[in-house]
Ligand code: ADP
C-alpha cells in the first residue's frame, strides 16, 4: 500500500484546502494511505507524527469551501539549505512516504524541483551515514514528486490559472465596487494597490472588470514621463466626459522601464498634485487572500488534486516530475522543471528590461 503526502507551501491561496481534500480522498479511494505534511517544508524538516500526519476520509470533510489552508503553510529557510533538505528526506523515508504532492507558488515548486534533482545524492549521503538502511535506499531511491500551483497571483508559466487567483480577483472586484460608490459620491479619485510582485494578472483583470481608468503592471512598463503623461491625459479626458470617479489600479510590483518601483504614492502625487483631484489610496493587502474560494477555484483544485494522485501513481523513474496545469479548460500534466524554468525566465526578462520577451513568455500578448 503506497503512502502519498500532500503539503501546502508558500503564500496561502483560497482553494488549497479543496486540493488537500481531493488528494486525500483520491489517494484513499485508490487504495493508498494519505498523509498531510503540516506547515509546508517546515513539516518535512521537523518530521515526526506531529508534522507528518496520516489523514482519513473524514479529516477533510467540508474542506472545499474553506479559505486558507488548514494543514498550515510556512516560509521555511532551512529547506533552502541542503542540510534542511537532507533532514526532510530522512523524515519522509522514516514516515514511509512514497510520493509527495506540493501545492504552492513558484518558490515552493522551485524548491520541489531542486529537491527532486538532489534526491539521489541526499539518499546516498543518508545511506553512507547509516541514517537509512540499504532496504530503505532501494525502495525510495526515486523521488516521486508532483506540483499543483496554488497562488493568488496567477504567476506560473504553462498553466492558464493557478488555484486562488480567481478568488483573489473576486475580492478585489468587490473592494473596488465599494470604493467606486464612495468615489462617485464625492467625485474622488482612488489609487487601489493590489498584490502581484512579478505578475500583473490581478491588476490587469481587475482593471478590465471594473473599467478602471488606468492600470500599472510590471510586464508593461514605460518611462516615468510616459506613464505620468498618458495617465493624466486619459483621466482628464474621462473627467471632461463627465465621469465623477477615477480608479487607478497599481500592481505591487509595478515598475518603470528603468526598473524603478512605481508606488501608490507616486500615482497619488500626479492625480492630486498635477490634476487637482481629491485622491485617496486604498491598499487592499491581505483581504485579497481571505474568504472562501470561488466556484472556479474549488473545481480547479479538486480536478487537479485528483490528477496529481493519478500522476504520481503513473510515475516511473523515467517520467519527468509533473506539474498539473490547466490549458484551454483541460487538466493536463506539464513538466515541473520546464514550468519552473519558464516562470523564472519571465522574472529574468523583466530584470534584463526585455519586456517584449516577458510579455510573450507570460502569454499575455492580449495586453497590447
Ligand atoms: P511561494 O511558493 O508562494 O512562491 P516562497 O517563494 O516563499 O512562496 O516559497 C515557499 C517555500 O518554498 C520557501 O520558504 C522555501 O522553504 C521553499 N523554497 C523556495 N525557493 C526555494 C529554493 N530555491 N530552494 C529550496 N527551497 C525553496
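In the UniProt record's numbering, the protein residues as written are 195 to 562.
Note that the Cβ used here is the ideal one computed from N, Cα and C, for glycine as well.
Next on the checklist: Output needed for residue 287: all residues of its chain with C-beta closer than 7 Å, excluding positions within five of it in sequence on either side, in chain order.
Outcome noted: 326, 330, 334
Item to check | C-alpha gap between residue 490 and residue 324, whole angstroms | outcome: 48 Å
Checklist entry - In chain order, which continuous runs of the beta strand (DSSP E) of length 3 or greater are located wholly inside the region 282 to 327? => result 293 to 298
Item to check | Cβ-based burial, residue 503 [other Cβ within 10 Å; buried from 16] | outcome: buried
Checklist entry - Would residue 316 pass as a contact of residue 363 if the rule is Cβ separation under 7 Å? => result no
Checklist entry - Are there three or more Cβ pairs, one per stretch, closer than 8 Å when the region 528 to 542 is compared with the region 237 to 245? => result no
Item to check | Close-in-space but distant-in-sequence residues of the same chain around residue 446 (CB under 8 Å, 5 per side omitted) | outcome: 387, 388, 389, 390, 391
Next on the checklist: Extract the residue ranges of the alpha helix (DSSP H) inside the region 421 to 463, only unbroken runs of 4 or more that lie entirely within it.
Outcome noted: 458 to 462
Item to check | Status (buried if at least 16 other CB within 10 Å, exposed otherwise) for residue 453 | outcome: exposed
Item to check | Rounded separation between residue 514 and residue 451 - CA only | outcome: 37 Å
Checklist entry - Should residue 539 be listed as close to ligand 3, given that the test is whether its C-beta is under 6 Å from any heavy atom? => result Within the structure as shown, ligand 3 is missing, the only ligands being ligand 1.
Item to check | Endpoints, the beta strand (DSSP E) within which residue 378 is located | outcome: Here residue 378 belongs to no beta strand (DSSP E); instead the alpha helix (DSSP H) covers 359 to 380.
Item to check | Coil, strand or helix - residue 331 by DSSP | outcome: helix
Checklist entry - Between which two residues does the alpha helix (DSSP H) containing residue 492 stretch? => result 489 to 508
Checklist entry - So, are the CB atoms of residue 297 and residue 379 less than 7 Å apart? => result no
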